[in-house]
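The numbering of the sequence shown is the numbering used here, which starts it at 45 and goes up by one.
Backbone N, C-alpha and C fix where the C-beta goes; we use that ideal spot for every residue, glycine too.
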Amino acid sequence: MPRPRHCLIIAVAVAVAVAAGACGAIARADDAPGGGATVDSTQWVERGEYLARAADCGACHTAPGGKPFAGGLAISSPVGVIYASNITPSVEDGIGRYSEQQFERALRRGVRADGAHLYPAMPYTSYRILTDADVHVLYRYFMEVVAPVDAAAPRTELAFPMNIRVSMAAWNLLFLGGGPWQPDPRRSDGWNRGRYLVEGAAHCGTCHTPRGFLMQEKQGQLLAGGQVGAWFAPNITADVDSGIGSWSQDELVQYLRSGDARGKAQAAGSMGEAVEHSFQYLSAADLNAIATYVRSVPAIHDPADERSRFAVGQASSDLGQLRGTSAVAADSGTPSGAELFQGNCASCHAPLGQGSRDGYYPSLFSNSALGSRNPNNLIATILNGVNRTTAAGQAFMPGFGGGAVGLAALSDPEIASLGNYLLEHYGRRGIVVTAAQVAEVRRGGPSSPLIALARAAIAAAAIVLMLIVVLRVLKKRTRGKGINRTDRESPV
Ligand code: HEC
Ligand code: HEC
Ligand code: HEC
């Protein structure tokens, strides 16, 4: 793997250069029309709350059942678990001591008040384009409106080499785009507002843009699809086959507001959370602006996508063949895919997989999770279920992975066999789910090759170190024994 190593070496080299103080400039974004109006004394609280929601600060900075913005949420990343900080104005445990400049640096440059670099699990690469006016309103909101919580968030301890925070300086130098936000004068205000939100506060690309070897968002691949933990954020460019080119503006707005685009896709996992905590609160004008911009992003086509994932599958049932077989129970040996489906899913998604008439239980055909070439979201849905509350009500499906709200726990081979049955009958034929894939999604998604590389390097270093120690010990002993030198054999 010459290229990745090469990158790593560059990164380390640049890190050293940066550590030596070669760099320190902080770009400042100018206020721009895309950033919205100026703030008067009465509106800033509302605007601060709106912005904090649009930027979904709470999604990461609030642990399940925890106090708002008190941090502690464990974010699984391909390089290990990263804990979100307490960003309440607590002086001891939060950001109570942050000046507005320090807050701006954390938000737009990924640098903490103490000068340490943040991991890009904090989406500063997107917030980088936030205008000064928006950063100011956010600062006031966090300092003056959010309640302080005196509770320290757990420390993040990543494996080598990711535990060296200064390496992020190198990473930033390579991948953190520069320059302030610039609206495009040739485009409409709506389009510019949409771009400002999509690339900034709403940070769609953080999840939907594929990442390269060093976890950077890939150039020229905006919104072309990326893995986020256990879930896959699909290609949402304008391509008809690979992306959402077949969606209308209204369908996209509706999906962002409620998490449900009937006959196309439902939002679970991190998208469900983004809809619940953030997008549903955006104004109709902002949602339309987002949809306008997303639909204008250059289409990225994957030749393997010969058909749109929303146009795959049909109603089907093997119920006839199942009649007369015993009821599906956890102890009935190895149940078949058909039995697992009828026993666990058909009660809600209907025996033909067509869902309920009112659409509350979605159809399993013409469904992104089963029509995709990537079966990740199907696996993740079966394991984790769906739980999303919006103004449209609660969408709830129990998980079958043995979690707290699950019904029955299905094993990895059972979920693989169920997944294959579903793909064959309702989804994309020829896509195969293996028990190993299920196990990986259960663990929280694939880990980065960087970690494998680092582990290999650590293992190699450990072996070399051990050899040195062994040789030293041997040398000492043989010296001590003097004339008997030749009596001993090498232990290796
Ligand atoms: C996708 C998850 C995510 C979102 C969204 C997010 N953050 Fe963060 N943030 C993090 C993580 C994770 C860290 C800690 C990173 C680390 O330890 O390197 C962090 C760190 C910070 C810090 C540094 C605090 C400290 O001293 O440790 C500040 C300030 C901050 N975030 C503010 C915000 C604000 C304001 C928003 C919304 C505009 C926001 N964050 C949105 C994940 C997120
Ligand atoms: C925190 C990660 C994250 C962010 C941020 C995010 N998405 Fe998603 N998105 C996902 C995931 C994961 C899915 C798949 C959800 C599922 O299948 O249940 C998804 C699904 C979608 C889909 C449906 C595609 C399909 O084929 O099922 C659309 C459309 C979409 N997102 C648009 C957006 C837009 C627009 C934004 C920004 C305004 C955005 N997303 C921000 C993670 C994210
Ligand atoms: C108790 C009712 C119920 C059961 C049982 C159930 N589901 Fe669901 N399922 C739902 C609901 C509700 C949704 C979400 C609808 C929405 O998001 O608007 C859903 C969504 C889905 C989705 C789309 C999720 C996405 O993110 O794209 C898939 C795929 C799915 N279910 C498969 C299954 C499978 C497979 C089983 C059996 C192992 C199953 N469901 C069992 C109610 C159920």
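No Cβ-Cβ contact shorter than 9 Å links Val341 with Ser314. Only buried fits Phe354, as 16 or more other CB atoms lie within 10 angstroms of its CB. Residue pairing for Asp304: DSSP places it in a beta bridge opposite Gln310. For the region 429-488, the full-length alpha helix (DSSP H) segments reaching 4 residues or more read 456-470 and 479-487 along the chain. Rounded to whole angstroms, the gap between the alpha carbons of Pro198 and Ser232 is 45 Å.
Of the residues Leu182, Gly471, Ala160 and Gly159, the one whose Cα lies closest to the Cα of Trp88 is Leu182. Annotation for Gln145: no beta strand (DSSP E) segment contains it, though the alpha helix (DSSP H) segment containing it runs Glu144 to Arg153. In chain order, Val284, Ser352 and Phe354 place their CB closer than 7 Å to the CB of Ser290, counting only its own chain and leaving out the 5 sequence neighbours on each side.
For Ala309, the closest C-alpha among the options Tyr168, Pro192, Gly403 and Glu90 is that of Gly403.
Per DSSP, reduced to three states, the secondary structure at Tyr127 is strand. In this chain, Val272 is not harboured by any alpha helix (DSSP H); it is covered by the beta strand (DSSP E) spanning Gly270 to Val272. By DSSP's assignment, Ala277 forms a beta bridge with Gly270. Exclusion of the five residues before and after Val242 leaves Cys248, Ile334, Tyr337 and Val338 as the residues of its chain whose Cβ lies within less than 7 Å of its Cβ.
The criterion of a C-beta distance shorter than 9 Å is not satisfied by Phe409 and Gln481. By the C-beta criterion, the region 246-261 is judged not to be in contact with the region 462-472, since fewer than 3 inter-stretch pairs fall below 8 Å. The three-state reading of DSSP puts Glu188 in helix, counting H, G and I together.
Separation of Ala413 and Ala311 (C-alpha to C-alpha, rounded to the nearest whole angstrom) is 10 Å. Taking each of Pro442, Ala329 and Ala196 in turn and checking the Cα distance to Pro133, the smallest one comes out for Ala196.
Glu383 counts as buried, since at least 16 other C-beta atoms from the protein chains shown sit within 10 angstroms of its C-beta.
In its chain, beyond the 5 residues on either side, Tyr185 and Val189 have a beta carbon closer than 8 Å to the beta carbon of Glu93. Burial state of Pro379 is buried, judged by a 10 Å Cβ sphere holding 16 or more other Cβ atoms. Here Asp228 has Trp235, Asn236 and Arg239 as same chain residues with Cβ atoms under 8 Å from its own Cβ, once five neighbours each way along the sequence are excluded. Per DSSP, the continuous alpha helix (DSSP H) segment holding Ala335 begins and ends at Ala328 to Val338. Here DSSP, grouped into helix, strand and coil, assigns Thr132 to coil. Beta-bridge partners assigned by DSSP to His161: Val155. A Cβ-Cβ separation of about 16 Å leaves Ala203 out of contact with Gly489 under the 8 Å criterion. The beta carbon of Val193 lies closer than 6 Å to those of Lys111, Ala114, Thr132 and Ser134 in the same chain, with the five residues before and after it left out.
In its chain, beyond the 5 residues on either side, Thr253, Pro254 and Ile344 have a beta carbon closer than 7 Å to the beta carbon of Gln265.
Here Glu320 is not near Gly307, since their CB atoms are 9 Å or more apart. As a beta-bridge residue in DSSP terms, Ser121 pairs with Gly124. With respect to Arg209, Leu162 sits close: the two C-beta atoms are nearer than 9 Å. Between Ala305 and Gly287, the C-beta spacing is not below 9 Å. Closest by C-alpha distance to Pro419, out of Val485, Cys392 and Asp100, is Val485. In this structure, the beta-carbon distance from Ala177 to Tyr325 does not fall below 9 Å.
In terms of Cβ geometry, Ser361 and Pro395 form a close pair [threshold 9 Å].
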